[in-house]
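**Student:** Mapped onto mature numbering (1 follows the signal peptide of the UniProt record, and there is no 0), the consecutive letters of the sequence shown carry residue numbers -18 to -1, 1 to 222.
Beta carbons are placed, not taken as given, at the ideal position from N, Cα and C, and that holds for glycine.
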Amino acid sequence: MELYITILTLTAVLSTSAQFEHEAFLYAACSDVEEEFYIGYDEEELGHVNFKQKTAVDTLPDFLGPKNITFPKFYEIGSDAIVGCKRDLPIFIQTFKSLPLEMDLDAPQTSIYPKDDVELGVQNTLICHATGFYPPSVNISWTKNNVIVTEGISLSQYRPRTDDTFNIFSTLKFTPAEGDIYSCTVNHKALQGQPQTKIWDVDVALPSVGPAVFCGVGLTLGLLGVILGTFFLIKGHNCH
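Okay, structure coming up:
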């Protein structure tokens, strides 16, 4: 389903010399099945609304220490924005339908990587990152050994970038087993029916046995030398 958006961008100049410009985003998006409300600062999220749980989620980074920044009635503001978005949705749909077919489209760039260092048998998370796409509607799917996966998957909200394109993350919880092959596939209208698929396989290097073997051989030969040396020493002594 198409996601129609309303974005309010505020630019704050924090220096009289205008050397330090920062952008704050207030972002609302809706379709007939999706709702998003998000605030950000320099492409970093400060908070969003979880409409399923009817709560506001504060996502200020932990390194900021005590969170003195608050957003009064954040959930109510987000709900009002979505009401307005839903109200205007028919207008948005007609407007987008009337746009020329050659409107600018930006295809996503996709990457796949594990969240943590991979250990066999230890649960981990695979991340599929799609970035730089416009408009903000993509479909992301996962497979394991060429079989479609539907469980253990989560999808982030669309995140606006300063160049007016978008990011999104999809994650898959998995337990690595040697030889397993995972893939994520991203589909977007700018790809013109040729989805991007990125593959990641479980390939954990096992500890090398070479040094242990050489050490064992060296120890065996050393002991053999001691035994032979002792034998000839005793034999020589007896000869005298």
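For Thr92, count neighbouring C-beta atoms within 10 Å of its own C-beta (all shown protein chains included) and say buried if the count is 16 or more, exposed if not.
**Tutor:** The sequence position of residue 92 within the sequence shown is 110, counting from 1. Buried: at least 16 other Cβ atoms inside 10 Å.
**Student:** Per DSSP, Val39 is paired with what?
**Tutor:** The residue you call residue 39 lines up with position 57 of the sequence shown. DSSP output for Val39 lists His30 as bridge partner(s).
**Student:** Indicate whether the contact test is met: 3 or more Cβ pairs, each with one atom in the stretch 179 to 188 and one in the stretch 128 to 142, closer than 8 angstroms.
**Tutor:** Judged by Cβ distances under 8 angstroms, the stretch 179 to 188 makes no contact with the stretch 128 to 142, as fewer than three pairs qualify.
**Student:** From the DSSP output, in three-state form, read off Ser61 for me.
**Tutor:** Your numbering for residue 61 matches position 79 in the sequence shown. Of the three classes helix, strand and coil, the one that applies to Ser61 here is helix, per DSSP.
**Student:** Between the Cα of Tyr9 and those of Lys97, Phe148, Tyr95, spot the shortest distance and give me the residue it belongs to.
**Tutor:** The residue you call residue 9 lines up with position 27 of the sequence shown. For the residues Lys97, Phe148, Tyr95, the minimum Cα distance to Tyr9 belongs to Phe148.
**Student:** Pro96 to Thr153, Cα distance in whole Å?
**Tutor:** Against the sequence shown, residue 96 aligns to sequence position 114. Against the sequence shown, residue 153 aligns to sequence position 171. Pro96 and Thr153: Cα-Cα distance of roughly 9 angstroms.
**Student:** If you check the beta carbons only, do Ile135 and Arg141 fall under 8 angstroms apart?
**Tutor:** Position 153 of the sequence shown, counting from 1, holds the residue named residue 135. Position 159 of the sequence shown, counting from 1, holds the residue named residue 141. Against a cut-off of 8 angstroms, the Cβ pair of Arg141 and Ile135 comes out as no contact.
**Student:** Distance, Cα to Cα, Leu28 vs Phe74?
**Tutor:** Walking along the sequence shown from the start, residue 28 turns up at place 46. Walking along the sequence shown from the start, residue 74 turns up at place 92. The alpha-carbon atoms of Leu28 and Phe74 are separated by roughly 27 angstroms.
**Student:** Under 8 angstroms Cβ to Cβ from Glu58, same chain only, skipping five residues before and after it: list those, please.
**Tutor:** Position 76 of the sequence shown holds residue 58. Close CB contacts of Glu58 within its chain, under the 8 angstroms cut and outside five residues either way in sequence, are absent.
**Student:** Compute the Euclidean distance between the alpha carbons of Asp162 and Ala172, then round it to the nearest angstrom.
**Tutor:** Residue numbering aside, residue 162 sits at position 180 when the sequence shown is read from its first letter. Residue numbering aside, residue 172 sits at position 190 when the sequence shown is read from its first letter. Rounded to the nearest angstrom, the two C-alpha atoms are 31 angstroms apart.
**Student:** Determine the DSSP secondary structure at Lys97, reduced to helix, strand or coil.
**Tutor:** Along the sequence shown, read from residue 1 onward, the residue named residue 97 stands at position 115. Lys97 sits in coil when the DSSP states are folded into three classes, being neither helix nor strand.
**Student:** Would you say Lys180 and Ile94 are within 8 angstroms of each other, going by their C-beta atoms?
**Tutor:** The residue given as residue 180 occupies position 198 in the sequence shown. The residue given as residue 94 occupies position 112 in the sequence shown. Taking 8 angstroms as the Cβ cut-off, Lys180 and Ile94 qualify as a contacting pair.
**Student:** Ignore the nearest five residues each way along the sequence and tell me which others in Val39's own chain have a CB closer than 8 angstroms to its CB.
**Tutor:** Taking the first residue of the sequence shown as position 1, residue 39 is located at position 57. Hits under 8 angstroms: Gly29, His30, Val31, Asn32.
**Student:** Taking the straight line between their C-alpha atoms, what separation do you get for Asp14 and Leu102?
**Tutor:** The count along the sequence shown starts at 1 and reaches residue 14 at position 32. The count along the sequence shown starts at 1 and reaches residue 102 at position 120. The alpha-carbon atoms of Asp14 and Leu102 are separated by roughly 42 angstroms.
**Student:** Thinking just about the alpha-carbon of each residue, which of Pro118, Asp145, Thr144 is nearest to the one in Glu18?
**Tutor:** Here residue 18 is taken as the residue at index 36 of the sequence shown, counted from 1. Of the listed residues, the one whose Cα sits closest to Glu18 is Pro118.
**Student:** What first and last residue would you give for the beta strand (DSSP E) that runs through His170?
**Tutor:** For the purposes of this step, residue 170 is taken as the residue at position 188 of the sequence shown. Run containing His170: none; DSSP gives neither H nor E here.
**Student:** I'd like the span of the beta strand (DSSP E) that includes residue 223, first residue to last.
**Tutor:** Missing from the structure shown is residue 223; the chain here goes from -18 to 222 and no further.
**Student:** According to DSSP, is Gly198 part of a helix, a strand, or is it coil?
**Tutor:** Working through the sequence shown from its first residue, we reach residue 198 at position 216. Low local confidence applies: a pLDDT of 47 at Gly198 is under 50, so the model's placement there is unreliable, and no value is given.
**Student:** Taking 8 angstroms as the cut-off, decide whether the C-beta atoms of Val168 and Ile109 are in contact.
**Tutor:** Numbered from its first residue, the sequence shown carries residue 168 at position 186. Numbered from its first residue, the sequence shown carries residue 109 at position 127. For Val168 and Ile109, no; Cβs fall outside 8 angstroms.
**Student:** Can you tell which of Gly60, Asp88, Asp99 has the C-alpha that lies nearest to the C-alpha of His170?
**Tutor:** Residue numbering aside, residue 170 sits at position 188 when the sequence shown is read from its first letter. Ranking Gly60, Asp88, Asp99 by Cα distance to His170 puts Asp88 first.
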